[in-house]
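Just so it is clear: in the sequence shown, position 345 is 446 by my numbering, and no numbers are missing.
Quick reminder that beta carbons are idealized off the backbone N, C-alpha and C, glycines included.
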Amino acid sequence: MLHTAQRLRQALLRRCGGAPVVLPVAVVLHALVVALVDQVVVHQSLAVLPSCFTAGWFWWTVGLMALFTGLLTFFTRTILPGAILTAVAPTIMVFSSYFKALITSVPLTVQDFLLLGQLGDITQLNASSLHFSPLSLGCILFLVVWLVAVCLLLYPVRLERKASLWAGAGCVAAVALVYGVAANALIFTPMGVSTDQKLSQATVNRETGVLLGLWRGALNQVHMALNEGDTSPEELERAAQQAVELASQEEDTKVAQQPNVILILSESFFDVTRLPGVTFDGDPLETFHNLQQEGVSGTFYTRSLGYGTCNIELEILTGMNTGLLWGEDLYNMAPQVFSRLPSVPSVLRDSGYSTEMVHMYDDSIYKRTPMFEAMGFEETYFQDDFAAIDPQAADEAYLEGQREGSFYSDAYLSQLLMDLYEDGKGEGPQFLYGISMENHAPYDKKKYDAQELTVAFQSDLKGQAQEMFQAVVQGTHDASEALGQLTDYFRDQAEPTVIVFFGDHRPGVGLLDGGTVYSKLGLCSSDYSRWSTQEMKELYSTDYLIWSNDPAYLPSQPGERVDRGSNYLGVDLLNLAGVEKPVYWKLLQNLSHTRLNDTWVYSLAQDGTLTYKHPTTGGDGEKLDLLSTLLDDTLYGDQVATPVLRARSQMNSDE
102 MLHTAQRLRQ
112 ALLRRCGGAP
122 VVLPVAVVLH
132 ALVVALVDQV
142 VVHQSLAVLP
152 SCFTAGWFWW
162 TVGLMALFTG
172 LLTFFTRTIL
182 PGAILTAVAP
192 TIMVFSSYFK
202 ALITSVPLTV
212 QDFLLLGQLG
222 DITQLNASSL
232 HFSPLSLGCI
242 LFLVVWLVAV
252 CLLLYPVRLE
262 RKASLWAGAG
272 CVAAVALVYG
282 VAANALIFTP
292 MGVSTDQKLS
302 QATVNRETGV
312 LLGLWRGALN
322 QVHMALNEGD
332 TSPEELERAA
342 QQAVELASQE
352 EDTKVAQQPN
362 VILILSESFF
372 DVTRLPGVTF
382 DGDPLETFHN
392 LQQEGVSGTF
402 YTRSLGYGTC
412 NIELEILTGM
422 NTGLLWGEDL
432 YNMAPQVFSR
442 LPSVPSVLRD
452 SGYSTEMVHM
462 YDDSIYKRTP
472 MFEAMGFEET
482 YFQDDFAAID
492 PQAADEAYLE
502 GQREGSFYSD
512 AYLSQLLMDL
522 YEDGKGEGPQ
532 FLYGISMENH
542 APYDKKKYDA
552 QELTVAFQSD
562 LKGQAQEMFQ
572 AVVQGTHDAS
582 EALGQLTDYF
592 RDQAEPTVIV
602 FFGDHRPGVG
612 LLDGGTVYSK
622 LGLCSSDYSR
632 WSTQEMKELY
642 STDYLIWSND
652 PAYLPSQPGE
662 RVDRGSNYLG
672 VDLLNLAGVE
682 KPVYWKLLQN
692 LSHTRLNDTW
702 VYSLAQDGTL
712 TYKHPTTGGD
722 GEKLDLLSTL
732 LDDTLYGDQV
742 ATPVLRARSQ
752 MNSDE
């Protein structure tokens with residue numbers, strides 16, 4: 102084989118002008134091949150290949166990959182490192198984006214690279230969805246064969262040292278100038294995704310593809326860093342005054358006695374009985390549906406599908422609307438950022454509440470503890486801390502018995518919340534926050550044992566889709582029953598207590614064939630990039646419930662339906678507690694009268710108006726722009742207006 106490769110190499114060099122011609126052409130050809138293979142991975146189809154050759158973004162991607170390949174090739178004077186690195190690294194990124202989109206319908210973002218240290222834990226949680234299709238395996242095999250052929254044929258081919266260094270320097274200069282300094286004007290602005298815009302990665306990728314989209318994301322972060330604090334102090338002072346004026350139009354809710362407030366984030370909970378094409382033997386959510394008649398409930402519009410629990414809870418607890426920020430993730434911010442604005446826990450703590458949080462898993466992925474401490478939680482408990490709440494949890498056999506499916510059960514979360522309440526009973530109002538895990542992925546036939554499956558249904562779902570849906574409906578059923586256990590307990594308590602229960606997002610139920618359970622049920626296309634805004638709105642929604650052992654503490658009449666979103670649920674929590682709200686939260690309350698949710702992929706008004714992007718004109722547009730300016734100042738700037746937002750009254754803001 103080596104002898105054959107040598108003969109081919111000599112013939113190629115002799116007929117094609119030698120190394121000065123062969124090597125640059127090979128670099129470009131290699132970039133083209135890798136880019137084509139990566140497109141097959143993204144779309145899981147060979148049919149996409151012809152359209153690549155007529156797409157401008159594709160050739161910009163090839164150019165970027167060729168320059169990086171050339172840079173490494175010419176500086177090392179062999180094509181080996183350049184070819185391997187620019188084949189392996191982009192393909193790993195493309196597969197990561199594909200699997201993330203399969204599970205969550207959201208592609209890989211630049212911020213995701215900050216979670217590399219937690220890659221093992223993330224992979225373990227989503228292992229059931231990480232299966233390579235025959236086409237994906239074929240792409241990997243093809244790349245391996247291609248790399249072997251390139252390396253065998255061309256690894257000894259090199260330019261003279263001086264020429265090679267100059268060629269490498271030229272590649273560096275081209276990357277810096279074309280894909281750096283001039284990238285916005287040459288590439289991204291003509292595509293409609295300029296780097297000075299706050300756009301979701303999914304929006305960008307529709308115009309740029311995955312790899313060029315990630316490059317644009319990196320440049321977007323550079324733009325943000327270079328333009329931090331570019332709003333003048335005078336403009337920020339005017340913005341702060343506008344916030345005060347809007348806040349002055351809002352009132353605080355008065356209560357006879359501060360109630361205990363229990364917030365429950367129910368993993369992947371939503372009303373499965375509303376899905377088309379499915380019928381059940383009985384009502385799997387009977388308890389939840391009965392409680393809806395006693396409380397206030399509705400559709401809960403959220404910011405993601407299938408993942409991102411930490412982002413959702415941070416958005417609720419801080420009021421920071423990620424749809425208005427430069428990045429899509431809050432959990433990547435420094436923990437101290439969460440102490441700059443008055444969060445729900447800090448406002449409640451300062452109003453006499455004890456503040457505790459319990460999570461039914463460990464703290465390995467999102468590293469919540471420092472963030473939650475900065476927000477004002479006095480105690481945080483994870484699975485290794487259960488014995489501090491429930492002494493029996495020191496017994497491993499007992500603790501193992503609290504599992505249902507793959508994780509600790511929702512019923513055990515209810516028990517831990519009752520135990521926490523009992524520990525603080527009579528010592529003042531309590532704010533307890535519980536985060537469930539039972540209905541978390543993986544959703545497969547191994548999740549629950551046969552004796553744990555109590556929900557039967559009929560549908561046209563087959564194979565993996567049927568198995569995944571079985572796990573999902575069992576998890577939602579168990580969440581409903583666990584909620585009933587908690588409400589039954591608090592019915593008998595004298596202290597007024599309000600329970601706010603919500604699903605953080607719908608489960609990510611991607612299938613090996615590239616579709617999802619939702620597409621099999623006819624809710625959407627199997628290709629998330631083709632989803633309409635209406636489909637986004639539907640799939641980015643769950644259900645919520647506010648229940649109280651004293652109906653006087655409900656925000657509306659029992660049985661009433663009021664839709665809510667993750668942007669403004671924090672306002673409800675403070676109103677339920679009857680505490681004095683700072684200017685910041687009164688500004689959000691003012692917005693909540695006309696807005697439901699404004700995310701990276703859809704914006705929804707209270708009157709039902711649905712748009713792809715949030716409004717930039719009119720009353721709502723002006724208020725959202727104001728909030729964006731104030732958040733930018735707080736998170737990225739000098740916090741000029743932040744003291745005003747923290748103030749509890751006009752008088753305090755003027756001091």
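Item to complete: Look up residue 422 in the DSSP assignment and say whether it is helix, strand or coil.
Response: coil
Worksheet item: On the three-pair Cβ rule with 8 Å, is the region 199-213 touching the region 402-419?
Response: yes
Discussion item. Under DSSP, the beta strand (DSSP E) around residue 549 begins and ends at which residues?
Written reply: Segment: none, residue 549 is in no beta strand (DSSP E) and carries neither H nor E.
Worksheet item: alpha helix (DSSP H) containing residue 481: first to last residue?
Response: Under the DSSP assignment, residue 481 falls outside any alpha helix (DSSP H), being part of the beta strand (DSSP E) whose first and last residues are 480-482.
Practice prompt. For residue 388, count neighbouring C-beta atoms within 10 Å of its own C-beta (all shown protein chains included) and say buried if the count is 16 or more, exposed if not.
Written response: Result: buried.
Fill in: alpha helix (DSSP H) runs contained entirely in the region 121-188, provided each spans 4 or more residues
150-153, 157-177
Item to complete: Kindly indicate which three-state DSSP category residue 110 falls into: helix, strand or coil?
Response: helix
Worksheet item: From the DSSP output, which residues share a beta bridge with residue 648?
Response: 600
Worksheet item: For the region 445-463 against the region 669-677, are there 3 or more C-beta pairs whose distance is under 8 Å?
Response: yes
Fill in: Residue of 518, 145, 177 minimising C-alpha distance to residue 361
For the residues 518, 145, 177, the minimum Cα distance to residue 361 belongs to 518.
Worksheet item: Just reading off the alpha helix (DSSP H) that residue 696 is part of, what are its end residues?
Response: Note, residue 696: premise wrong, no alpha helix (DSSP H); beta strand (DSSP E) at 696-699.
Worksheet item: Short check: CB of residue 745 to CB of residue 344, under 8 Å?
Response: yes
Fill in: residue 127 and residue 255 closer than 8 Å at C-beta
The answer is yes: Cβ separation under 8 Å.
Item to complete: May I ask you to list the residues that DSSP assigns as paired with residue 560?
Response: For residue 560, which the question treats as bridged, DSSP gives the partners 379.
Worksheet item: What does a CB cutoff of less than 6 Å around residue 424 pick up in its chain, not counting 5 residues either side in sequence?
Response: 699, 700, 701
Practice prompt. Assuming residue 583 contacts residue 514 (C-beta within less than 8 Å), just tell me the rounded distance between them.
Written response: 7 Å
Practice prompt. Starting from residue 466, follow its DSSP beta bridges and name the residues at the other end.
Written response: Residue 466 pairs with nothing; no bridge assigned.
Discussion item. Can you confirm whether the region 468-482 touches the region 540-555 when touching is taken to mean that 3 or more C-beta pairs between the two stretches lie within less than 8 Å?
Written reply: no
Worksheet entry | Assigned secondary structure, residue 438 (DSSP; H/G/I helix, E/B strand, else coil) | helix
Worksheet item: Taking the runs of the beta strand (DSSP E) that are 3 residues or longer, which of them lie wholly in the region 240-286?
Response: The region 240-286 contains no whole beta strand (DSSP E) run of 3 or more residues.
Discussion item. For residue 755, which residues in the same chain have their Cβ closer than 7 Å to its Cβ, ignoring the five residues on either side in sequence?
Written reply: With a pLDDT of only 42 at residue 755, under 50, the local geometry of the prediction cannot be trusted, and the value read off the model is given with reservation. There are no such residues.
Worksheet item: How close, in whole Å, do the beta carbons of residue 309 and residue 325 come, if the pair is a contact with beta carbons under 8 Å?
Response: Not quite, the Cβ-Cβ distance comes to about 18 Å (not below 8 Å), so this is no contact.
Worksheet item: Looking at C-beta atoms only, is the number of pairs between the region 310-318 and the region 131-149 that lie closer than 8 Å three or more?
Response: Yes, they touch.
Practice prompt. Assign residue 738 to buried or exposed, taking buried as 16 or more other Cβ atoms, counted over all protein chains shown, within 10 Å of its Cβ.
Written response: So residue 738 ends up on the buried side.
Worksheet item: Which value, in whole angstroms, describes the spacing of the CA atoms of residue 641 and residue 459?
Response: Distance between the alpha carbons of residue 641 and residue 459: 25 Å.
Discussion item. Taking the beta strand (DSSP E) that residue 458 belongs to, which residues open and close that run?
Written reply: 455-460
Discussion item. Quick test of the definition: if touching needs 3 or more C-beta pairs under 8 Å, does the region 531-544 touch the region 495-514?
Written reply: The region 531-544 is in contact with the region 495-514.
Worksheet item: Among 210, 595, 685, 125, which one has its Cα closest to the Cα of residue 267?
Response: 125
Discussion item. Using a Cβ-Cβ cutoff of less than 7 Å, which residues in the same chain neighbour residue 753 once the five nearest sequence positions on both sides are dropped?
Written reply: Because the pLDDT of residue 753 is 42, which lies under 50, any placement of that residue in the model is unreliable, and the question is left without a value.
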